[in-house]
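Q:
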Amino acid sequence: MGSTEQEVKQDGSEATQPVREIGHDEYDPIGTLTLIALYFLILISMWFFMYFVEFVGNDPTVVGMV
Amino acid sequence: MSTFVDDFPAEAKVVRSSMYNAFVALAIGALMGILQTLYRTDVFHFISAEQYYTVLTAHGVFMVISFTIWFLVGVFAWAVISSLDRGVEDLRFTWAWFGFMTVGTLLAAIAIFGGFMSDPPEVLGSELSADVLFTFYAPLEAHPFFYIGLVLFVVGTWLAGADWFRSYLAWRSENPGERIPLPTFMVLTTMIMWYIATLGVATSILVFLLPWSLGLVDTVNPTLTRTLFWFFGHPVVYFWLMPAYLLWYTLLPKLAGGRLFSDPLARVVFVLFLLLSTPVGIHHQYLDPGIAEGFKFIAMTNTMFLLLPSLLTAFTVVASIEHGARQRGGEGRLGWLKALPWKDPVFTGMIFAGLMFAAGGFSGMVNAGMNINYLVHNTLWVPGHFHLTVGTAVALTFMAASYWFIPQLTGKQLVGRSIALVQVVLWFVGMVFMTNAMHRTGMLGVPRRTAEPWYDGFEYAGNVAEHNFQIALGGTILTLSILLFFVVILLTLLRGSKGGVEGSSIPEPLSGPDHSPAVIDNLKLWAGIAIVLVIMAYTLPLASIVERGGLFGPDGMRSFPSGNPGFLEYTSLFVQMVIQNATEVIFR
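Residue numbers (our numbering), protein chains in the order written: chain A, 1 to 66; chain B, 67 to 654.
1. Would the beta-carbon of ARG325(B) fall within 8 angstroms of that of PRO575(B)?
2. Could you pull the start and end residues of the alpha helix (DSSP H) that TRP230(B) belongs to?
3. Against chain B, with Cβ distances strictly below 8 angstroms, would GLY57(A) count as a contact?
4. Under 8 angstroms, do VAL221(B) and ALA208(B) count as touching if we go by C-beta distance?
5. If PRO573(B) and GLN489(B) are in contact, beta carbons under 8 angstroms, what's the gap, nearest whole angstrom?
6. Below 8 angstroms on C-beta distance, what does VAL53(A) contact in chain B?
7. Between the alpha carbons of LEU374(B) and GLY23(A), how many angstroms are there, rounded?
8. Between which residues of its own chain and ASN534(B) is the CB-CB distance below 7 angstroms, once the five residues before and five after are set aside?
9. Please determine, among LEU556(B), GLY430(B), SER571(B), GLU397(B), the residue with the shortest C-alpha to C-alpha distance to ASP28(A).
10. Select from the region 361-390 of chain B all residues with a C-beta closer than 7 angstroms to any C-beta belonging to chain A, and list them in chain order.
11. Using a Cβ-Cβ cut-off of less than 8 angstroms, give me the residues of the region 407-428 of chain B that come near chain A, in sequence order.
12. Under the assumption that TYR440(B) contacts VAL554(B) (Cβ atoms under 8 angstroms), give the Cβ distance between them as a whole number of angstroms.
13. Rank PHE211(B), SER239(B), MET497(B), ALA419(B) by C-alpha distance to the C-alpha of TYR311(B) and give the top, closest one.
14. Would LEU41(A) count as contacting chain B if we go by Cβ distances under 8 angstroms?
15. If you draw a straight line from the C-alpha of SER149(B) to the C-alpha of ALA648(B), how long is it?
16. Taking just the CA atoms, how far does VAL154(B) sit from LEU254(B)?
17. Helix, strand or coil for SER192(B), going by three-state DSSP, please let me know.
18. Should the region 134-149 of chain B be regarded as contacting the region 93-107 of chain B, the criterion being three or more beta carbon pairs within less than 8 angstroms?
19. Identify every run of the beta strand (DSSP E) within the region 277-348 of chain B, keeping only runs that are complete inside it and at least 3 residues long; order them along the chain.
20. Can you find at least 3 beta carbon pairs, one from the region 445-465 of chain B and one from the region 379-396 of chain B, that sit closer than 8 angstroms?
21. Indicate whether THR171(B) and SER233(B) have their beta-carbon atoms separated by less than 8 angstroms.
22. What does THR445(B) pair with, by DSSP beta-bridge criteria?
23. Could you tell me whether the Cβ of MET509(B) comes closer than 8 angstroms to any Cβ of chain A?
24. Is the CB-CB distance between ILE258(B) and LEU599(B) below 8 angstroms?
25. Could you spell out the range, first to last residue, of the alpha helix (DSSP H) harbouring ASP72(B)?
26. Under 8 angstroms, Cβ to Cβ, is there at least one residue of chain A near ARG106(B)?
27. What residues are listed by DSSP as bridge partners for LYS564(B)?
28. Please report how far the alpha carbon of MET431(B) lies from the alpha carbon of HIS505(B), in whole angstroms.
29. Looking only at C-alpha atoms, which of GLU650(B), ALA593(B), GLN642(B) sits nearest to THR344(B)?
30. Determine the contact status of VAL19(A) and GLY395(B), defining contact as a CB-CB distance below 8 angstroms.
31. Which residue wins for smallest C-alpha separation from ASN368(B), given the options LEU294(B), HIS300(B), ALA486(B)?
32. Could you list which residues in chain A have their beta carbon closer than 8 angstroms to that of GLN393(B), in chain order?
Given below as structure tokens:
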């Protein structure tokens, strides 16, 4: 029990005490841009796969029979 | 640095009780989940094929109506009370909506569990049973208790919303000209959306399904009840999601050691959800005959716009977390990820939930496309999709948030922090197995909502057995995860030591509300536009459905004035004539 409490406090203080303050103007979310760009690439390539390979590329679907 | 229970002890009790109710629903829902997983993957049959549908209904209703919405009312009550920094106006009223929701849940539960009895008793003239699934539209018919229970539950949420609006108005009269605090703004916009959305389900139940179930009317128009259900059925998914978003916007930046990147952007997101959540329901009916393709196309267009607020959220939330990581000393293009508090189960759980939501965004895009939807419609792909969204983005966020809320609401420190961390990771791993296999099985054409999706003389063109194994494995890991969740919650409640819990204050955003125009806080304006959009999206489809199939179905139309019609029949005939005439005028 004792060690758990210690851990809670350690984690809690770790989460709330920043090493430095970064204000609105000096913050440049370049990491966010990288992650979001990566996500878009995955999203688009998977959609292309679904549309061209699975949907259009496969044998009869409801659309294919019309 | 005081906790919520120190500041508002009486209110904390309501919030706590709501969350306990949510946990009970979660436990029942989870039990049903593993029973059905093992059944339909043909691993082990604890139940009969007939009972499968009772189990499926219970899993759906307890998870996505009871668990999510009970947790939501807890989160929303906390959000309003703590951000306005004032207690509720009248505690008796608060317990009244709590009571409505409780009685509603119990009635619906009695009706559903009647399905497990070999010889269910007759109550109110019909057998106690409600194997109608969460999507409870006709032709499936439930016992009146199920519908009455749902009505009481929804009325309870309406009253809860009124409670929060009342608090807001009281705060407003004391703070004229001030911007609405962000959490309260999120609650109010979500509740306006909910009021609009639930009109559909209220009409469906009160005018059609309940009278039908009581034997007051003989027939209903199935397309109409389906359409009214989906009028509510799509916005309800955002009702589940908005408390998760609220927590991502408020708690996550704090836990990451940073500040919310942009308060105005968060407000825009919630306004967009208010505007766009409802006029899209027809995208659940792409394959329904009886709705013209043009209406479906409009619903698809609205749906694609609805991707926007979620993408805005991805940006804002990730940017806020990155801010935290950099304040904690994180460096580099992606190296900052290492500086995040990954040992904190609340943080890690919510991040994993968000990650799964990103994957759900992909399968949602496929669902939303009118053409490509044909590939996956009514297959196991769709449950795969919503186990990523409501089953992980929402449920895992709620479970992770519980590790933060329970200490706030009881004043007791969390016990079993490392078990909690294992729990959230297990949920993620279990869902990766289960949903991946569900999506892939769906692409092979395996249907959803089916106890035994195997057929004589027909083979699916793929390795269904392997996918089934993954689904069963995933389901088992998820069950283990739920058990660990309850271990941590119970240990905390029974063994947690009082005191030493961190305060519940939320840091100021980097870009505050002053950076946005005041019109964003004009709730009446957004409510007005939302209503206009709903009228535009739904008037013609509903009129055309009624014109084709009759308000109470084609039979109802033919036999209508015969016999001795009662008040309800006269009223409905009148409404039907009005709608028919209006349609003729419009189409002429």
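Cβ atoms here follow ideal geometry from the backbone N, Cα and C, with glycine treated the same way.
Since the model is a prediction, treat every value here as computed from it, not as a measurement.
A: From the atom records:
1. Cβ atoms of ARG325(B) and PRO575(B): closer than 8 angstroms.
2. Counting along the chain, TRP230(B) sits inside the alpha helix (DSSP H) bounded by residues 210-240.
3. Between GLY57(A) and chain B, the shortest Cβ-Cβ separation is not below 8 angstroms.
4. Not in contact: VAL221(B) and ALA208(B) (Cβ atoms no closer than 8 angstroms).
5. Between GLN489(B) and PRO573(B) the Cβ distance is about 27 angstroms, and since that is not below 8 angstroms, they are no contact.
6. Residues of chain B with a Cβ closer than 8 angstroms to the Cβ of VAL53(A) do not exist; the shortest Cβ-Cβ separation is about 11 angstroms.
7. When rounded, the distance between both Cα atoms is 27 angstroms.
8. For ASN534(B), where only same-chain residues beyond five positions count, the Cβ hits under 7 angstroms are THR107, ASP108.
9. That would be GLU397(B), whose Cα lies nearest to the Cα of ASP28(A).
10. Residues ALA380, PHE381, VAL384, ALA385, GLU388, HIS389.
11. With the criterion set as a beta carbon lying under 8 angstroms from some beta carbon of chain A, the members of the region 407-428 of chain B are PRO407, LYS409, ASP410, PHE413, ALA424, GLY427, PHE428, in sequence order.
12. Incorrect: roughly 44 angstroms between the Cβ atoms, too far for contact.
13. With distances taken between Cα atoms, TYR311(B) lies closest to ALA419(B).
14. False, the Cβ-Cβ gap to chain B never drops below 8 angstroms.
15. So the two alpha carbons sit approximately 47 angstroms from each other.
16. For LEU254(B) and VAL154(B), the gap between their C-alpha atoms comes out near 15 angstroms.
17. The answer is strand: DSSP assigns SER192(B) an E or B state.
18. In this structure the region 134-149 of chain B does not touch the region 93-107 of chain B; the number of beta carbon pairs closer than 8 angstroms is below three.
19. None, since the region 277-348 of chain B contains no complete beta strand (DSSP E) of that length.
20. Verdict: no, contact absent.
21. With a cutoff of 8 angstroms on beta-carbon distance, THR171(B) and SER233(B) are scored as not near each other.
22. According to DSSP, THR445(B) bridges with PRO513(B).
23. It does: the Cβ of MET509(B) has a partner Cβ on chain A nearer than 8 angstroms.
24. Cβ distance not < 8 angstroms, so ILE258(B) and LEU599(B) don't count as in contact.
25. Run containing ASP72(B): 70-73, per the alpha helix (DSSP H) assignment.
26. No, because no Cβ of chain A sits closer than 8 angstroms to the Cβ of ARG106(B).
27. In the DSSP output, where bridge partners are listed per residue, LYS564(B) has LYS478(B).
28. Roughly 13 angstroms between the two C-alpha positions.
29. Looking at the Cα atoms, ALA593(B) is the closest of the given residues.
30. Yes, the Cβ-Cβ distance between VAL19(A) and GLY395(B) is below 8 angstroms.
31. Of LEU294(B), HIS300(B), ALA486(B), the residue nearest in Cα terms is HIS300(B).
32. Against chain A, the beta carbon of GLN393(B) has neighbours under 8 angstroms at PRO18, VAL19, ARG20, GLU21, ILE22, listed in chain order.
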